[in-house]
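Peer 1: Residue numbers (the numbering used here): 89 to 231. Cβ coordinates follow ideal geometry from the N, Cα and C atoms, glycine included. The structure presented is a predicted model; accordingly, all values stated were derived computationally and were not measured. Below is the structure I would like to discuss, written out as structure tokens.
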């Protein structure tokens, strides 16, 4: 992975994608992905990194303290637990004009897992997780 961009440029780069959170290292990974990359991927997990892409690790605190330049409209999400046909449904929705379907963004899955940790052993308090979740949603919907 190369460091072809930094977090300040991320806020204005429509191809910079908030990809992954490493809670133990307190870092987030930002990867440059085109709309075509997002549409062709079955899932947005580590398999996407098998191809060399511009990327940079940044401190999680930078994510939590940065302000997106504009408040985007509220995202529309479809959350489900089905395993049969979900990728097909997502691709069909993504074919609609003005819709970019993002399948299973890894950062949201990681935040969901952190919410499930018992309070006694949790790495983050609920307020920090709420900030992280809402910031991740805001930055994922910039496209």
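#1: Is residue 122 buried or exposed, if buried means 16 or more other CB atoms sit within 10 Å of its CB?
#2: Going by other Cβ atoms of all chains shown within 10 Å of its Cβ, with 16 needed for buried, is residue 144 buried or exposed?
#3: Using CA atoms only, rank isn't needed, just tell me which of 214, 182 and 196 is closest to residue 108.
#4: If you draw a straight line from the alpha carbon of residue 214 to that of residue 222, how long is it in whole angstroms?
#5: Determine the burial state of residue 100: buried for a count of at least 16 other Cβ atoms within 10 Å of its Cβ, exposed for fewer.
#6: Residues in its own chain within less than 7 Å of residue 91 by CB, not counting five upstream and five downstream?
#7: Only counting the same chain, and skipping five residues up and downstream in sequence, which positions put a Cβ closer than 7 Å to that of residue 98?
#8: Can you tell me where the beta strand (DSSP E) with residue 105 in it begins and where it stops?
#9: From residue 182 to residue 188, what distance separates their C-alpha atoms?
#10: With 16 as the cutoff for other CB atoms within 10 Å, does residue 207 come out buried or exposed?
#11: Do you know whose CA, among 217, 220 and 191, lies nearest residue 133's CA?
#12: Express the C-alpha separation of residue 205 and residue 237 in angstroms, rounding to a whole number.
Peer 2: If we stick to the structure as given:
#1: Looking at its Cβ environment, which holds fewer than 16 other Cβ atoms inside 10 Å, residue 122 is exposed.
#2: In the assembly as shown, residue 144 is a buried residue. Its beta-carbon has 16 or more other beta-carbons within 10 Å.
#3: With respect to the C-alpha of residue 108, the residue from 214, 182 and 196 having the closest C-alpha is 196.
#4: Each residue's alpha carbon lies about 12 Å from the other.
#5: By the neighbour-count rule (16 or more Cβ atoms within 10 Å), residue 100 is not buried but exposed.
#6: Note that residue 91 has pLDDT 47, beneath the 50 cutoff, so the model's placement of it is unreliable and the number below is only indicative. Shown here for residue 91: same chain residues with a beta carbon closer than 7 Å to its own, the five before and five after excluded, namely 144 in chain order.
#7: Hits under 7 Å: 104 and 118.
#8: Looking at the DSSP string, the run of the beta strand (DSSP E) that includes residue 105 is 104 to 110.
#9: Their Cα atoms are separated by approximately 5 Å.
#10: With fewer than 16 other CB atoms across the displayed protein chains lying within 10 angstroms of its CB, residue 207 is exposed.
#11: Of 217, 220 and 191, the residue nearest in Cα terms is 191.
#12: Outside the shown range of the chain, which is 89 to 231, sits residue 237, and nothing can be said about it.
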